[in-house]
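A.B. asks: Quick one: structure below, then a few questions.
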């Protein structure tokens with residue numbers, strides 16, 4: 593790990609941080625957190641079904657039946 597590597601790593605991190613700050617607040621959140629925020633703000637009904645993680649965040653299909661992974665209703669609305 594050279595000084596140049598450290599500098600590049602730091603600069604990359606700063607770039608990611610800047611890009612994240614430019615995103616709207618709602619887009620920064622996980623879909624389930626965003627749904628909770630929407631519930632609190634009244635954008636969706638309080639009794640709306642819970643949002644599960646998008647399929648892209650799930651473990652590989654071969655791993656999903658293992659008990660160590662929680663796989664909710666994949667492909668649920670929103």
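Numbering (the working numbering), first residue to last: 593 to 670.
Cβ atoms here follow ideal geometry from the backbone N, Cα and C, with glycine treated the same way.
With residue 629 and residue 619 assumed to form a contact (beta carbons below 8 Å), what rounded beta-carbon distance in angstroms separates them?
C.D. replies: As a first step, residue 629 is located in the chain shown; it is residue number 37 there, counting from the start. As a first step, residue 619 is located in the chain shown; it is residue number 27 there, counting from the start. Not confirmed; about 12 Å, so no contact.
A.B. asks: Could you give the residue range of the alpha helix (DSSP H) that holds residue 642?
C.D. replies: Taking the first residue of the chain shown as position 1, residue 642 is located at position 50. That residue, residue 642, is in no alpha helix (DSSP H); it is neither H nor E in DSSP.
A.B. asks: On the criterion of 16 or more Cβ atoms from any shown chain inside 10 Å, does residue 608 qualify as buried, or is it exposed?
C.D. replies: Residue numbering aside, residue 608 sits at position 16 when the chain shown is read from its first letter. Per the 10 Å Cβ criterion, exposed.
A.B. asks: Count the other CB atoms, across all protein chains shown, that sit within 10 Å of the CB of residue 625; report buried if there are 16 or more and exposed otherwise.
C.D. replies: For the purposes of this step, residue 625 is identified with residue 33 of the chain shown, where counting begins at 1. Classification for residue 625: exposed.
A.B. asks: Thinking C-beta only, is residue 627 closer than 9 Å to residue 571?
C.D. replies: Nothing can be reported for residue 571: it is not among the residues displayed for the chain, which extend from 593 to 670.
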